[in-house]
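For reference, the structure discussed in these notes is given below.
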Amino acid sequence: MYQIQRAVRHQAQSLFRPRVCGARSLAALKTTVTRAESTRAEESGVYDTAARPFEEIPGPKGLPFIGTGWDYSPFDVPDKHRVTSSYGTDMGKSRLVAAAVLLVSVLCSTCFLFIRTGGRKNAWALNPVSDLRAHLREAFNFSLEISLTKKTCKVGQIFTYKEEENTQTAMTKTLYDLLPSAAAPFRPSGYKSCSVVGNGGILLKSGCGKDIDAADFVFRSNLPPLATFEKDVGLKSNFTTMNPSVISTHYNEFKTAEDSERFARRIEELGNSFLLVPPFITKTSKGNVERLIKILTEHRSKLRVQPLFVPTGVFDKIERFWRERSGYELQETRLSTGLYIVTFALSLCEHVNIYGFYPSHMSPWMSYLRYHYYSPYSFLGPSQVGPWAIHDMAEEFAMLENLHKRNIVRLRLRCDD
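Residue numbers (our numbering): 119 to 535.
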């Protein structure tokens, strides 16, 4: 002990000598004190980590880490440094095992997804219909928004026409009485399979009638005639749209009793289904909307069809979806009725089959096609093609083809092959 004290005193005195002053002398003093204390610890049998050289202290190297948690613990733990060393070794083994398990899990998941998708690169291929339906639900709630109801509006409420923003009209008592009390009662879980039936001339000689009627739910547009065409277009109807202009085009604005009865018989054929009418598109349609309301009210006792009057906001939401959020960025002036009902079907149905959509007067088999299957003299006019076109059928059909390739819809031109 005396020797230790003498060595420390001798080294301290040397600090005051001019020839050895500076950082070098301080380092020498630190080394001497450390060695002296280590010698004292060995002689006494007490192991004090505070006096050990830095490189011998347990813990990560290269960091300003002094000791471990054991050194500051108030409890006396036997062989604490051996425990710390073995803990680090065990932790290293545990981390290796965890990394191996994670790697195997990732490889198994990748192989499973590859088998499920058949090696396809398209991320939509896993469940594209569900993905698109999720995006649609964010933009538009079909069941709650598809129709005005007695809960969402009142008599005298003012509505603005979609195509004429400066023109307004009021909800009448007769129209209000025809509205459903609440949301349209569609099946909460949706439908397994749906047919969306357009009116294109491509339907003639397609042989698709049975396939169309085999679906759980059938959508049709603009109240088309079905009698005598059932082999190609089927007879089943669950949801039919009707532009008020149909009353002028096909029913002579009900100018005669025969016109009115013919229309009533056609509505009766719809049975227990839904008839969707847009009442506030243009002011020019106001007369036909009033005629429709009148005849539906007069024949209400024998009609089972539920009329739905769609608010104009629904069209705005669907247009924004296809132009901005769907990834297709459609540029046409106005979406066709056919694309609206495709959107309705994607909101409700797991599998969507599309019939009667084709953008040309010549079929893929080089035969002439009518514009509408039920009109022998119909053709593509200025409102369908050219710079004055309201709809861009070619653009819509190209999008439907892409949806078909991505397994989101099934686009069918013929069913007899």
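Every residue, glycine too, gets a C-beta built ideally from N, C-alpha and C.
- Bridge partners of Gln-286 according to DSSP: Thr-278.
- Secondary structure remark: continuous beta strand (DSSP E) runs of at least 3 residues inside the segment 400 to 472, in chain order: 424 to 427.
- Relative to Ala-332, the option among Lys-354, Gly-316, Lys-323 whose CA is nearest is Lys-354.
- With contacts defined by Cβ atoms closer than 8 Å, Tyr-491 and Leu-296 do not form a contacting pair.
- Taking each of Thr-285, Ala-302, His-509, Lys-272 in turn and checking the Cα distance to Ser-454, the smallest one comes out for His-509.
- Taking a cut-off of 8 Å for Cβ pairs, the segment 428 to 440 and the segment 406 to 416 do not touch, as fewer than three such pairs fall below it.
- When DSSP states are grouped into helix, strand and coil, Tyr-492 belongs to the coil group.
- With respect to Phe-381, Asn-356 sits apart: the two C-beta atoms are not nearer than 8 Å.
- The beta-carbon separation of Leu-394 and Thr-359, rounded to 5 Å, stays under the 8 Å limit for a contact.
- Residue range 335 to 338 is occupied by the beta strand (DSSP E) that includes Phe-335.
- Boundaries of the beta strand (DSSP E) around Leu-394: 392 to 395.
- DSSP, reduced to helix, strand and coil, places Thr-292 within a helical segment of the structure shown.
- Of Ser-261, Leu-518, Glu-283, Ser-299, the smallest CA-CA separation from Cys-271 is found for Ser-299.
- In this structure, the straight-line span from the alpha carbon of Lys-269 to that of Thr-290 is close to 15 Å.
- A distance below 8 Å separates the beta carbons of Cys-326 and Cys-533.
- In the structure shown, Val-351 falls within a helical segment according to DSSP collapsed to helix, strand and coil.
- Rounded to the nearest angstrom, the gap between the Cα atoms of Ser-465 and Lys-328 is 24 Å.
- Under DSSP, Phe-304 shares a beta bridge with no residue.
- Residues Tyr-446 of the same chain have their beta carbon placed closer than 6 Å to that of Met-517, with the five preceding and five following residues left out of the count.
- DSSP, read as helix, strand or coil, puts Lys-272 in coil.
- In the structure shown, Ser-261 falls within a helical segment according to DSSP collapsed to helix, strand and coil.
- By the C-beta density criterion, Thr-367 is exposed, having fewer than 16 other C-beta atoms within 10 angstroms.
- The beta carbons of Gly-318 and Phe-475 sit about 6 Å from each other, so the pair counts as a contact at 8 Å.
- Per DSSP, the continuous alpha helix (DSSP H) segment holding Thr-367 begins and ends at 363 to 369.
- Tyr-279 places its beta carbon 8 Å or farther from that of Ile-365.
- By a beta-carbon distance limit of 8 Å, Phe-392 contacts Leu-426. Their separation comes to about 5 Å.
- With fewer than 16 other Cβ atoms from the protein chains shown falling within 10 Å of its own Cβ, Asn-284 counts as exposed.
- Boundaries for Arg-524: no alpha helix (DSSP H) harbours it, and the DSSP string shows neither H nor E there.
- Lys-310: member of the beta strand (DSSP E) spanning 309 to 315, first to last residue.
- In this chain, the alpha helix (DSSP H) harbouring Phe-381 covers 375 to 387.
- Here DSSP, grouped into helix, strand and coil, assigns Met-480 to strand.
- A straight line joining the alpha-carbon of Phe-337 with that of Lys-404 spans about 25 Å.
- Residue state for Arg-251 is assigned as helix, using DSSP reduced to three classes.
- In the three-state reduction of the DSSP assignment, Phe-372 falls in the helix class.
- Taking His-479 as reference, the option from Ile-472, Tyr-489, Tyr-473 with the minimal CA-CA separation is Tyr-489.
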